[in-house]
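See below for the structure under consideration.
Numbering (the UniProt record's numbering), first residue to last: 1 to 417.
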């Protein structure tokens, strides 16, 4: 590994950039070394070759500059999602919809789910989300220490999504979360088995819901949908609900973990937010820019095309790197620093174009409420002594675990609260 100094604002466990030859010829998004050096390595990619060709995984292109990433993401006619999401794909059982479809088909499925994730729709979850956040913090605040990923980051979005959005059985949550996480790791030995397990759970869930009373939720909307004048198929229902689960669990958990890791490294951030909580919504946006949990996505090239001075051929695979684009100095001033009052913040953490994340409003609600309560109740947040933070590899990124310490505090129901 190269000894290049990590960029300012690097998180615990992040090191310097990988060597130039690795960046130019052997880039591998599944590499543990990349996960441990992501900001520095992607900065080197942007500098050396913004559109690079890797020989790994039978060959693919890596796009790292903001302008190029946006161009590819918006040009769905040339860069298709329907013809494979890229390199080292996990063996999915059925298509995840609408992400594995191109317009106009993709728009049909987005229109099914979008009304349930508008700002007005998700605002109805705020009080219940705050109660859930409070309950989770109460579970560890008196101890003055916890594994943040286990105690808070993973349970919060999973419990909220299962209860508020899907109205799914709580007793199934742990297993579904495991299947979703493993199936999203393309090179995991049991990725295929996990995809099949998730598929079977969704199939059983929607059949149970179809037999039961209507709940007026997004699941009912999908089950009863018409697609261009015909009833939606079971596979299309499964693919749509499956994608909701994949998008609703791991990504928000990863974002929370990355935010708390930054708090450990930059204590001025939580101190400022504690003193001025009105800044938290903007801080969420800036923290998402610096630490997106959804770092990259794949496309298939549908016709020969020139991008960044490179000649892409029909059938080529291409990897768009959201996390790299978010730190492009041509788009963002002082890109590696947390700037709480950043005026222009068109980050790509929720994607851009026809496949921009439908659940972004729900994610921001979860993150805002979580930060409001965490910075209010946890003081002197730091890594536990001797802790080594490791990051999951692949197209999503989060700390595998995050052992933190903080000043012990009272439970919300105690006389001191």
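All C-beta atoms, glycine included, are put in the ideal place defined by N, C-alpha and C. Fair warning: this is a prediction, and the values are worked out from it, not measured in the lab.
Let me know the secondary structure DSSP gives residue 125 once reduced to three states.
coil
Buried versus exposed call for residue 126 [16 or more other C-beta atoms within 10 Å across all chains shown]:
Answer is exposed; the Cβ neighbour count stays below 16.
So the alpha helix (DSSP H) residue 205 belongs to, where does it begin and stop?
191–211
DSSP three-state label for residue 57, please.
helix
Mind listing, in chain order, the continuous alpha helix (DSSP H) runs of no fewer than 4 residues lying wholly within the stretch 352–410?
360–377
Which residues share a DSSP beta bridge with residue 147?
403
Could you tell me if residue 228 is buried or exposed, where buried requires 16 or more neighbouring beta carbons within 10 angstroms of its beta carbon?
Per the 10 Å Cβ criterion, exposed.
How is residue 257 classed by DSSP in three states: helix, strand or coil?
helix
For residue 241, which of 112, 316, 174 has the nearest alpha-carbon?
112
Exposed or buried, which one is residue 68 when buried takes at least 16 other CB atoms within 10 Å?
buried
Which ranges would you report for the beta strand (DSSP E) in the stretch 275–326 if only whole runs of at least 3 residues count?
296–301, 305–307, 310–312, 317–321
Where does the unbroken alpha helix (DSSP H) through residue 100 begin, and where does it stop?
Per DSSP, residue 100 belongs to no alpha helix (DSSP H) and is neither H nor E.
Enumerate in chain order the residues of its own chain whose CB-to-CB distance from residue 235 is below 6 Å, with the five nearest sequence positions on each side excluded.
94
Are at least three pairs of beta-carbons, each pair with one atom in the stretch 25–42 and one in the stretch 311–331, less than 8 Å apart?
As far as the Cβ criterion goes, the stretch 25–42 touches the stretch 311–331, which means the pair count is three or higher.
I'd like to check one pair, residue 291 with residue 30: are the Cβ atoms closer than 7 Å?
no
Residue 40 (DSSP reduced to helix, strand or coil)
Per DSSP, reduced to three states, the secondary structure at residue 40 is helical.
Pick from 97, 26, 81, 224: whose alpha carbon is nearest that of residue 62?
26
Note down, in chain order, each residue of its chain lying with its Cβ closer than 7 Å to the Cβ of residue 110, except the 5 sequence neighbours on either side.
98, 358
Leaving out five residues on either side along the sequence, give the residues of the same chain with a beta carbon under 7 Å from the beta carbon of residue 274.
375, 376
Thinking residue 208 and residue 167 are a contact (beta carbons under 8 Å), I'd like their distance in whole angstroms, please.
Residue 208 to residue 167, Cβ: 11 Å. No contact.
Starting from the C-beta of residue 78, find all residues in its chain whose C-beta is less than 7 Å away, skip the five residues before and the five after it, and write them out in chain order.
Around residue 78, the same chain offers 301, 302, 303, 305 as residues with beta carbons nearer than 7 Å, after the five sequence neighbours per side are excluded.
According to DSSP, is residue 94 helix, strand or coil?
coil
Considering only the alpha carbon of each residue, which of 157, 346, 367, 403 lies closest to residue 384?
403
DSSP state of residue 227 mapped onto helix, strand, coil:
strand
CA-to-CA distance, residue 60 to residue 80, given in whole angstroms:
Rounded to whole angstroms, the gap between the alpha carbons of residue 80 and residue 60 is 14 Å.
Specify the secondary structure class of residue 64 as computed by DSSP and reduced to three states.
coil
Beta-carbon contacts of residue 364 that lie in its chain and below 7 Å, excluding the five residues immediately before and after
284
Run the CB neighbour count on residue 366, radius 10 Å, all protein chains shown included, and call it buried at 16 or more, exposed below.
buried
Whose C-alpha, out of 12, 13, 34, is nearest the C-alpha of residue 22?
34
Kindly give me the distance between the Cβ atoms of residue 340 and residue 233, rounded to whole angstroms, as I take these residues to be in contact under 8 Å.
Actually they are not in contact, since the Cβ atoms of residue 340 and residue 233 sit about 47 Å apart, beyond 8 Å.
Would you mind sorting residue 120 into buried or exposed? The rule is 16 or more other CB atoms within 10 Å of its CB.
Residue 120 sits exposed, since fewer than 16 C-beta atoms from the chains shown fall within 10 Å of its C-beta.
With 16 as the cutoff for other CB atoms within 10 Å, does residue 351 come out buried or exposed?
buried
Tell me whether residue 80 sits in a helix, a strand or coil according to DSSP, three-state version.
If DSSP states are grouped into helix, strand and coil, residue 80 belongs with the strands.
Contacting residues, own chain, Cβ-Cβ under 7 Å from residue 2 (five flanking each side not counted)
Caution is warranted here: a pLDDT of 47 is assigned to residue 2, below 50, making its placement in the model unreliable, and the coordinate value is therefore given only provisionally. Contacts found: 16, 17, 18, 19.
Rounding to the nearest angstrom, what Cα-Cα distance links residue 307 and residue 299 in this structure?
14 Å
Looking at the ligand PLP, does it come within less than 6 Å of residue 9, judged from the CB to the closest heavy atom?
Ligands displayed in this structure: none; no statement on the ligand PLP is therefore possible.
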